[in-house]
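Okay, so here's the structure we're looking at.
Residue numbers (the UniProt record's numbering): 1 to 249.
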């Protein structure tokens with residue numbers, strides 16, 4: 001079954017490049033419209049009822065997010081596109097949504113399209129978008145994180161994370177409600193997302209919420225006692241940095 005697509009980008013060259021890639025590499029995708037403004041995008045979406053919208057974040061007439069706010073309900077998948085490291089990219093990552101950087105890499109585009117095709121739950125996608133809009137309103141302090149587990153997606157408040165533990169190629173999240181969530185992504189990826197949100201990598205295996213530290217115990221080589229009474233190992237190389245960070249909370 002074919003997919004209907006709309007391209008939204010204020011650069012004619014970028015629209016043409018993406019259009020050519022889609023026509024040449026993705027025979028099951030039909031481009032219904034290619035527009036350059038917020039109002040034209042809203043109109044094109046209403047008329048064509050697309051399955052996928054390739055949405056540039058920055059437009060001369062506003063932003064891609066202005067379009068999303070004007071459409072309710074959103075019954076299509078979105079692949080965000082931008083030419084630079086936009087401030088919103090971290091918010092998009094927190095929400096488990098997809099984006100592509102220009103110039104577009106065809107392999108990355110293919111991965112994003114495959115993920116969009118698999119997205120079956122309208123309610124789940126709505127939750128992802130709500131998380132994105134919430135985080136954008138809270139910039140620069142992102143508040144919610146979308147975690148993809150084997151069975152579902154969990155939307156959690158960042159402040160409810162006590163610590164994260166590396167588990168091979170997986171990451172375990174330990175939460176204030178005494179539950180844990182296992183995610184099939186490396187700890188490093190979450191370190192990159194959370195490091196400026198009062199989180200610190202204190203060991204190869206641990207990323208901790210500094211606000212949830214009860215105390216640092218010097219005996220037994222030194223360890224950190226968290227608010228749930230779990231003991232967290234700290235590497236020798238991180239001790240001074242950890243003490244320094246705690247003194248500024």
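Glycine is no exception: its CB is placed at the ideal position from the N, C-alpha and C atoms.
Among the options, the one whose alpha carbon lies nearest that of residue i
| i | options | result |
| --- | --- | --- |
| residue 209 | 193, 237, 171, 159 | 159 |
| residue 34 | 7, 247, 49, 220 | 7 |
| residue 181 | 88, 150, 26, 237 | 150 |
| residue 167 | 192, 84, 186, 117 | 186 |
| residue 190 | 178, 173, 118 | 173 |
| residue 106 | 20, 211, 228, 215 | 20 |
| residue 13 | 83, 71, 41 | 83 |
| residue 248 | 220, 211, 230 | 211 |
| residue 58 | 102, 113, 176, 16 | 102 |
| residue 40 | 18, 70, 16 | 70 |
| residue 122 | 145, 17, 153 | 153 |
| residue 93 | 136, 56, 54 | 136 |
Backbone CA spacing between residue i and residue j [nearest angstrom]
| i | j | result |
| --- | --- | --- |
| residue 196 | residue 207 | 12 Å |
| residue 68 | residue 43 | 12 Å |
| residue 29 | residue 63 | 25 Å |
| residue 204 | residue 239 | 13 Å |
| residue 129 | residue 218 | 45 Å |
| residue 199 | residue 169 | 20 Å |
| residue 104 | residue 183 | 28 Å |
| residue 100 | residue 81 | 5 Å |
| residue 79 | residue 245 | 37 Å |
| residue 36 | residue 110 | 23 Å |
| residue 179 | residue 165 | 13 Å |
| residue 95 | residue 225 | 30 Å |
| residue 115 | residue 163 | 29 Å |
| residue 192 | residue 201 | 10 Å |
| residue 237 | residue 177 | 31 Å |
Bridge partners - residue i, DSSP secondary structure assignment
| i | result |
| --- | --- |
| residue 203 | 206 |
| residue 247 | Answer is none; residue 247 lacks a bridge partner. |
| residue 65 | According to DSSP, which records beta bridges pairwise, residue 65 is partnered with nothing at all. |
| residue 56 | 81 |
| residue 223 | 217, 233 |
| residue 30 | 4 |
Residue i, enclosing beta strand (DSSP E) - first and last residue
| i | result |
| --- | --- |
| residue 154 | 153 to 157 |
| residue 80 | 77 to 82 |
| residue 184 | Unbroken run through residue 184: none, as it is neither H nor E. |
| residue 98 | 98 to 101 |
| residue 166 | 161 to 167 |
| residue 172 | 170 to 175 |
Span of the alpha helix (DSSP H), counted from its first residue to its last, around residue i
| i | result |
| --- | --- |
| residue 12 | 12 to 25 |
| residue 150 | No alpha helix (DSSP H) contains residue 150, which DSSP labels as neither H nor E. |
| residue 236 | Segment: none, residue 236 is in no alpha helix (DSSP H) and carries neither H nor E. |
| residue 48 | 38 to 48 |
| residue 117 | 106 to 118 |
Residue i CB to nearest heavy atom of the ligand HEM below 6 Å
| i | result |
| --- | --- |
| residue 241 | Looking at this structure, you won't find the ligand HEM or any other ligand, since it has none at all. |
*Sufficient close CB pairs (3 or more, under 8 Å) joining the segment 41 to 57 to the segment 65 to 85*: Of all C-beta pairs linking the segment 41 to 57 to the segment 65 to 85, three or more are shorter than 8 Å, placing the two stretches in contact.
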